[in-house]
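Listed in order, the protein sequences are those of chains Z and D.
For the first sequence, our numbering gives the first residue as 139, with consecutive numbering after it.
For the second sequence, our numbering gives the first residue as 4, with consecutive numbering after it.
Using N, Cα and C, we set each Cβ at its ideal position, and we do this for glycine too.
Before any comments, here is the structure.
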Amino acid sequence: MMKYVLEARHIDKHFKKPVDFHVLKDISFTVRQGEFATVMGKSGSGKSTLLYILSTMDTDYTGELYLNGGLVTGKSHQILSRIRNEHIGFVFQFHYLLSEFSVLENVMLPGKKLGARTEEQIERDAREKLEMLNIGYLAEKRASRISGGEKQRVAIARALINNPTILMGDEPTGNLDSYNAENVLQIFTRLKEEQGLSLLVVTHDLDFAQRTDRIIEMEDGRIIKS
Amino acid sequence: MTNWSVILNIAKTHLLTKMKSTVTASLGVTFGIGAYITLVSFMTGLNQMLDDLILNQTPHIHLYNEIEPSPKQPVNLYGDLEGAFNVVHSVKPKQSQRKIHNALPILDYLKKDPNVKGATPQLRIQIFYLSGSIELGGNLTGVDVMEEARISNFRDYIVSGSPEALRNLDSGILLGAGLAKKMSLGVGDRVQVSTVTGGIFPLKIVGIYQSGIADIDNIQSYANLNTVQRISGEAQNYITDINVKLNAISEAPAMAQRLEKQFGIRATDINTANAQFETGSDIRNLITYAVSITLLIVAGFGIYNILNMLIYEKMNDIAILKATGFSGRDVQLIFMSQAIIIGLIGGFLGLLIGFGLSVFIDQLPFNTEALPTITTFPVNMQFRYYVIGIVFALLSTFVAGYLPSNKAKKIDPVRIIRGT
Numbered sequence: 139m140m141k142y143v144l145e146a147r148h149i150d151k152h153f154k155k156p157v158d159f160h161v162l163k164d165i166s167f168t169v170r171q172g173e174f175a176t177v178m179g180k181s182g183s184g185k186s187t188l189l190y191i192l193s194t195m196d197t198d199y200t201g202e203l204y205l206n207g208g209l210v211t212g213k214s215h216q217i218l219s220r221i222r223n224e225h226i227g228f229v230f231q232f233h234y235l236l237s238e239f240s241v242l243e244n245v246m247l248p249g250k251k252l253g254a255r256t257e258e259q260i261e262r263d264a265r266e267k268l269e270m271l272n273i274g275y276l277a278e279k280r281a282s283r284i285s286g287g288e289k290q291r292v293a294i295a296r297a298l299i300n301n302p303t304i305l306m307g308d309e310p311t312g313n314l315d316s317y318n319a320e321n322v323l324q325i326f327t328r329l330k331e332e333q334g335l336s337l338l339v340v341t342h343d344l345d346f347a348q349r350t351d352r353i354i355e356m357e358d359g360r361i362i363k364s
Numbered sequence: 004m005t006n007w008s009v010i011l012n013i014a015k016t017h018l019l020t021k022m023k024s025t026v027t028a029s030l031g032v033t034f035g036i037g038a039y040i041t042l043v044s045f046m047t048g049l050n051q052m053l054d055d056l057i058l059n060q061t062p063h064i065h066l067y068n069e070i071e072p073s074p075k076q077p078v079n080l081y082g083d084l085e086g087a088f089n090v091v092h093s094v095k096p097k098q099s100q101r102k103i104h105n106a107l108p109i110l111d112y113l114k115k116d117p118n119v120k121g122a123t124p125q126l127r128i129q130i131f132y133l134s135g136s137i138e139l140g141g142n143l144t145g146v147d148v149m150e151e152a153r154i155s156n157f158r159d160y161i162v163s164g165s166p167e168a169l170r171n172l173d174s175g176i177l178l179g180a181g182l183a184k185k186m187s188l189g190v191g192d193r194v195q196v197s198t199v200t201g202g203i204f205p206l207k208i209v210g211i212y213q214s215g216i217a218d219i220d221n222i223q224s225y226a227n228l229n230t231v232q233r234i235s236g237e238a239q240n241y242i243t244d245i246n247v248k249l250n251a252i253s254e255a256p257a258m259a260q261r262l263e264k265q266f267g268i269r270a271t272d273i274n275t276a277n278a279q280f281e282t283g284s285d286i287r288n289l290i291t292y293a294v295s296i297t298l299l300i301v302a303g304f305g306i307y308n309i310l311n312m313l314i315y316e317k318m319n320d321i322a323i324l325k326a327t328g329f330s331g332r333d334v335q336l337i338f339m340s341q342a343i344i345i346g347l348i349g350g351f352l353g354l355l356i357g358f359g360l361s362v363f364i365d366q367l368p369f370n371t372e373a374l375p376t377i378t379t380f381p382v383n384m385q386f387r388y389y390v391i392g393i394v395f396a397l398l399s400t401f402v403a404g405y406l407p408s409n410k411a412k413k414i415d416p417v418r419i420i421r422g423t
């Protein structure tokens with residue numbers, strides 16, 4: 139039997155403001171180890187909302203969420219932060235780096251927070267990740283001084299620093315030109331193939347989605363195809 | 004688990020990249036604390052000086068015989084009129100002597116008491132200072148001058164000459180500064196005094212006494228106890244006042260009451276004599292603290308404002324930190340530590356500035372006729388004030404930092420990242 143890294147059971151969510159709105163209706167699905175899955179759907183289909191629930195940042199829902207076989211739902215914020223830090227890597231549409239820090243410091247930060255390795259080890263790992271994404275030469279630059287495509291790759295390196303169980307992306311290529319978008323997709327594919335990383339990416343881009351293992355299609359808060 | 008090195012590193016980076024705000028916020032604290040230290044040192048210095056001015060001249064306990072009418076008039080003692088309504092007109096003070104009865108044994112008794120630092124006998128008489136045909140009324144107090152110098156600041160008030168000079172010359176006098184000026188006399192000159200009964204005695208001026216209070220300096224002079232006894236034609240045991248200095252001033256009221264009962268004489272303690280003086284000091288202290296706290300509250304609002312703006316500016320960073328595994332508490336600690344760092348740096352600078360200003364004020368010349376021993380502004384430098392200052396600084400920055408940082412703690416990263 140395949141191991142599930144992520145399992146959602148009967149997840150429901152309502153937006154209560156400005157009027158009651160049922161965004162997610164009885165969502166159940168799983169992501170297996172080493173699987174590259176994409177979530178597609180029109181704007182307002184609830185795909186981003188679902189992703190933020192899966193990422194443990196949004197706790198206002200009913201249903202159950204399992205990560206690595208352990209129940210995540212109902213845990214305290216303190217513990218959820220720890221889980222995010224250790225097991226989930228996150229890449230956003232807008233690269234969201236800490237602009238006052240250097241690229242290297244940005245990548246190291248989650249590692250330092252986890253505190254499982256020494257500072258030297260974290261730095262070595264961070265440089266290794268940057269090298270792997272072909273941006274080793276940027277390490278000492280300020281995060282505010284690099285291009286958009288480079289920023290996204292730095293964000294990926296940051297997401298990988300604690301060797302997470304799953305990498306989640308919210309339109310990671312949405313803000314990039316086609317060359318850089320292709321680049322990011324290749325990186326994701328390589329991570330999956332070389333390191334067996336599980337990925338769950340929300341996207342609008344059909345070309346992008348078709349080159350992944352599996353497409354989960356959403357409409358009006360339901361999964362219509364997975 | 005809290006990873007302090009990461010949190011402090013982020014706080015440090017925020018502070019360094021926002022140098023202008025950091026400096027502004029720190030300066031607010033610096034000025035608040037600096038002003039507090041300067042104010043409190045200067046104000047308490049002044050208080051201390053004014054207290055000394057009065058209190059040093061007031062013994063802790065003053066024993067004397069009060070001239071007053073008997074509480075029981077003879078008619079009340081007459082058995083046949085008991086219970087009647089007696090009216091006595093023209094009540095006169097009781098016929099008694101001014102001297103303290105058994106003064107020498109009382110002195111011995113007091114000197115053996117372990118609570119007593121010293122007790123000095125005095126004989127106060129009314130005299131006239133003669134200057135040609137002019138007679139100036141005044142007081143002459145006979146004292147044990149060396150004992151007086153030991154237990155009070157008597158020596159400080161002798162502006163020229165010394166207590167030793169008086170001790171060495173039997174017919175010496177320490178003339179009041181006001182008197183010396185009026186009569187154009189100086190150390191080494193002679194002055195004639197006459198008692199109310201008419202005898203004239205020449206005394207040699209061995210020093211000038213200046214208390215700083217003009218009313219006293221215009222009438223008061225000091226001579227040796229036995230000289231004054233001789234001038235007034237009284238015996239060696241004729242003593243009108245005994246001044247007692249205690250080791251602990253707080254025991255004065257209780258002891259005064261006890262002595263009053265024990266020896267049947269009047270005993271006033273320093274607290275009763277100078278109650279209004281304490282009130283003045285308290286109010287001045289109150290003003291000092293009110294001004295300082297106001298300054299610190301203003302500085303606190305400055306920090307509150309700057310941190311609030313910083314947090315709005317750093318919304319995205321906060322969302323990122325939370326998304327990558329920093330808890331709300333970590334984020335709060337990042338901003339709290341910024342506030343505390345501002346408080347520490349600003350506070351320490353404030354202490355330095357306060358110290359510098361205090362030293363500067365302490366050097367400023369301050370010459371006044373009234374205060375012969377003071378040449379510069381009085382400043383009271385106490386370590387205690389510096390401790391209070393830094394605690395104030397940390398407390399106000401803590402409170403000012405807590406509210407904005409609590410907001411940062413509660414920021415929902417999803418809302419920021421989704422841009423809603």
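Query                                                                                                                                 : Result
Contact with chain Z by phenylalanine 338(D), beta-carbon distance below 9 angstroms                                                  : no
Own chain, CB closer than 8 angstroms to valine 301(D), minus 5 neighbours either side, in chain order                                : Gly31 and Gly35
Proximity below 9 angstroms, CB of threonine 144(D) to CB of tyrosine 225(D)                                                          : yes
Spatial distance of arginine 255(Z) from leucine 268(Z) (CA atoms)                                                                    : 18 angstroms
Under 7 angstroms by beta carbon: chain D residues contacting aspartate 196(Z)                                                        : Val417
Chain-ordered chain Z contacts of isoleucine 330(D) [CB-CB under 7 angstroms]                                                         : The sequence given here places serine at residue 330(D); isoleucine does not occur at that position. Within 7 angstroms Cβ-Cβ: His215, Gln216 and Ser219.
Phenylalanine 266(D) to asparagine 105(D) span [Cα, whole Å]                                                                          : 9 angstroms
Counted within 10 angstroms of its Cβ, other Cβ atoms place asparagine 244(Z) as buried (16 or more) or exposed                       : buried
Per DSSP, cross-strand counterpart(s) of threonine 144(D)                                                                             : Arg127(D) and Tyr225(D)
Proline 205(D): first and last residue of the uninterrupted beta strand (DSSP E) it sits in                                           : 203-212
For arginine 220(Z) and isoleucine 260(Z), the rounded distance between their alpha carbons                                           : 17 angstroms
Cβ of arginine 222(Z) within 9 angstroms of any chain D Cβ                                                                            : yes
Within-9 angstroms CB hit, phenylalanine 239(Z) to chain D                                                                            : yes
Aspartate 285(Z): contacting residues in chain D (beta-carbon distance under 7 angstroms)                                             : The sequence given here has serine at residue 285(Z), not aspartate. Those within 7 angstroms of serine 285(Z) in chain D number zero; the least Cβ separation is about 18 angstroms.
C-alpha gap between alanine 411(D) and leucine 299(D), whole angstroms                                                                : 24 angstroms
Closer than 9 angstroms to chain D by CB, tyrosine 190(Z)                                                                             : yes
Where arginine 296(Z) meets chain D, residues with beta-carbon distance less than 8 angstroms                                         : Thr327
Close-in-space but distant-in-sequence residues of the same chain around isoleucine 309(D) (CB under 6 angstroms, 5 per side omitted) : Ser24 and Ala28
The segment 38-57 of chain D / the segment 233-248 of chain D touching (three or more Cβ pairs under 8 angstroms)                     : no
Separation of leucine 107(D) from glutamate 237(D), as counted between CA atoms                                                       : 14 angstroms
Minimum Cβ-Cβ distance from lysine 151(Z) to chain D less than 9 angstroms                                                            : no
Span of the beta strand (DSSP E) around glutamate 202(Z)                                                                              : 200-205
Any 3 or more C-beta pairs closer than 8 angstroms across the segment 177-186 of chain D and the segment 201-220 of chain D           : yes
Expected contact under 8 angstroms - CB spacing of lysine 207(D) and arginine 193(D) to nearest Å                                     : 6 angstroms
Secondary structure of proline 368(D), DSSP reduced to three states                                                                   : strand
Cβ pair count under 8 angstroms reaching 3, the segment 308-318 of chain Z against the segment 152-165 of chain Z                     : no
Under the three-state DSSP convention, the category serine 399(D) falls into                                                          : helix
Members of the segment 250-263 of chain Z near chain D, C-beta cut-off 9 angstroms                                                    : Lys250, Lys251, Leu252, Gly253 and Glu257
Proximal residues to serine 284(D) (C-beta, below 7 angstroms), its chain only, five neighbours per side dropped                      : Asn50 and Asp54
For serine 282(Z) and glutamine 290(Z), the rounded distance between their alpha carbons                                              : 12 angstroms
Residue from Gln231(Z), Ala146(Z), Leu235(Z) and His215(Z) with nearest C-alpha to glycine 207(Z)                                     : Ala146(Z)
Chain-ordered chain Z contacts of threonine 16(D) [CB-CB under 7 angstroms]                                                           : Glu238 and Phe239
Cβ pair count under 8 angstroms reaching 3, the segment 332-340 of chain D against the segment 393-411 of chain D                     : yes
DSSP state of isoleucine 154(D) mapped onto helix, strand, coil                                                                       : helix
Where valine 362(D) meets chain Z, residues with beta-carbon distance less than 8 angstroms                                           : Within 8 angstroms Cβ-Cβ: nothing; valine 362(D) doesn't reach chain Z, min ~40 angstroms.
Own chain residues within Cβ distance below 6 angstroms of tyrosine 39(D), not counting five before or after                          : Ser295 and Gly392
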